[in-house]
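Contents: one structure, followed by commentary.
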Amino acid sequence: MWAPLLRLKAALGPEAELVVVGGAVRDELLGRSHADWDLATKLMPKAVMDRARAAGLKAIPTGLQHGTVTVILEGRPIEITTFRTDGTYLDGRRPETVQLGVSLEEDLSRRDFTINAMALPVGGGELVDPFGGRADLESRMLRAVGDPLHRFAEDGLRTLRACRFAAQLGFEVEAETLAAIPERLDVARKVAAERVLTELTKLLCGLEPHRGLDLLAQTGLLDLWLPELSPMIGCGQNRHHRHDVWIHTLEVARLVPPEPGLRWAALLHDAGKPGARTVGEDGEVRFHGHEGQSLALAEAILDRLKAAHALRREVLALVRHHGTHPTADWSDAACRRFLRRLQDDGLNLARWGAFRLADQRAKGLEVEAREREHAAILARLETLVAAAPPLAVKALALDGAALMALTDRGGGPWLGQLQRDLLEAVIEDPSLNTPEALTALALQRLSGA
């Protein structure tokens, strides 16, 4: 990407003082891949647009009130912002005014954390690092720029970003920065639900999600945005678990693949356990019905955070089915019925299997035995899937039109019931899924009615 940036530098001229800023600098120094390249310049926005267009580049005034112009480089949008300082923050999210034309160091001083307050000159030159960001990278420390109370008072999302960066990078949060987060929950409360969801998803999909989740609990952010989950902390389990519900949840989040649906399901799958917990006369702890309570809590949380339909559907499907444990005693038909339920919920076997394996491992006891048992179950289910059994009405060898022609009847409730009956029969015995067998079965069912 540096070659197109050099072209842009040439277009803007040597006096532009063009630099890469923010997360791109951090990730370059860490050797991490990244998609975003944010640039800053001494030039005013109009000059950026005029010079870019004169060089044949497309320039779009995407945020002139904040000094930002977007230039298209090789089909990619690159934001270029004039060096600026921010005015007063009133809404806990964005400054009311900005002042353009300041120095680069003043521009960097308004940023959230030292590791994000560095700049690399395009075309070569020394790293600009007025706040010790490189040293904090080397010590794996997340530290606010300046007074953390002031930083977090400006933008309530920064409190959550601290936890998110800790999870993504595996960093510690510096003590003064960490202590400031509970003091600024009133500002954090102002952040829009959609932005909270975005940050939480990045946290969950980070390198060490358990670190970020633990920080949420420590700082009060969990109570602020996910209060339904706090009862899991310290909620003891039974002899099948080594950990309490919260620690188990952190372990599942750590072990499951880093994809949004799987990680959100990890966080929410046992949310109903505290409410379902009972202790029997035998002293055994039980959680009867916790799956249903977890599902209701997960649905409420995802609705409140305005999760997209696709994410919501996958998470709820994983939560709904996480307590189903096929065993060697199950018949093939019972296994096919389970596969049908997964299919009806839009959940493929591989996703369910990945989640279940993490859930089993996170119990922390007899792990190798649980892994062997899971592998055997998954192999059996995969074999059944490979046989392509009919698991939906549309897979029947006779469709609705054929059944209506066979019986010389119009559509109606009878047809749907008949199709469900036929599907149940072929799930029990897939060899019945032929036009001839289904014809005989349909006539038998209708004559019996």
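Residue numbers (the numbering used here): 94 to 542.
Glycine residues also receive a C-beta, built at the ideal position from the N, C-alpha and C atoms.
As the structure is a prediction and not an experimental result, all values here were calculated from the model.
Leu322 is not a Cβ neighbour of Ala260, given a cutoff of 9 Å. Counting along the chain, no beta strand (DSSP E) covers Ala485, and no H or E run does either. DSSP places Asp492 outside both helix and strand once states are collapsed to three, so it counts as coil. In chain order, Ala369 place their CB closer than 6 Å to the CB of Gly382, counting only its own chain and leaving out the 5 sequence neighbours on each side. By the beta-carbon neighbour count (other beta carbons within 10 angstroms, threshold 16), Gly216 is exposed. In the three-state scheme derived from DSSP, where H, G and I count as helix and E and B as strand, Asp452 is classed as helix.
In the displayed model, Leu300 falls within coil according to three-state DSSP, outside both helix and strand. By the Cβ neighbour-count rule, Asp422 is exposed, with fewer than 16 other Cβ atoms within 10 Å of its own. About 20 Å separates the CB atoms of Ile520 and Arg413; that is not less than 8 Å, and the two are not in contact. Put simply, the stretch 214–231 does not touch the stretch 241–259. Fewer than three CB pairs are less than 8 Å apart. Ala346 is a Cβ neighbour of Leu297, given a cutoff of 9 Å. Under the three-pair Cβ rule at 8 Å, the stretch 447–455 counts as touching the stretch 347–354. Comparing alpha carbon positions, the residue from Arg502, Ala535 and Ala498 closest to Gln512 is Ala535. Within the model, the alpha-carbon separation for Glu198 versus Ala145 is close to 25 Å. Note on Leu458: under 16 other CB atoms within 10 angstroms of its CB, so exposed under the neighbour-count rule. Taking 4 residues as the shortest admissible run, the stretch 298–376 contains the following complete alpha helix (DSSP H) segments, listed from N- to C-terminal end: 302–312, 314–318, 338–348, 353–361 and 366–369. Counting only runs of at least 3 residues, the stretch 123–159 fully encloses the following beta strand (DSSP E) elements, listed from N- to C-terminal order: 131–134 and 151–156. Fully contained in the stretch 207–295 are the following beta strand (DSSP E) runs of length 3 or more, in chain order: 212–214. DSSP places Glu392 inside the alpha helix (DSSP H), whose first and last residues are His383 to Arg397. Boundaries of the alpha helix (DSSP H) around Asp200: Leu197 to Leu201.
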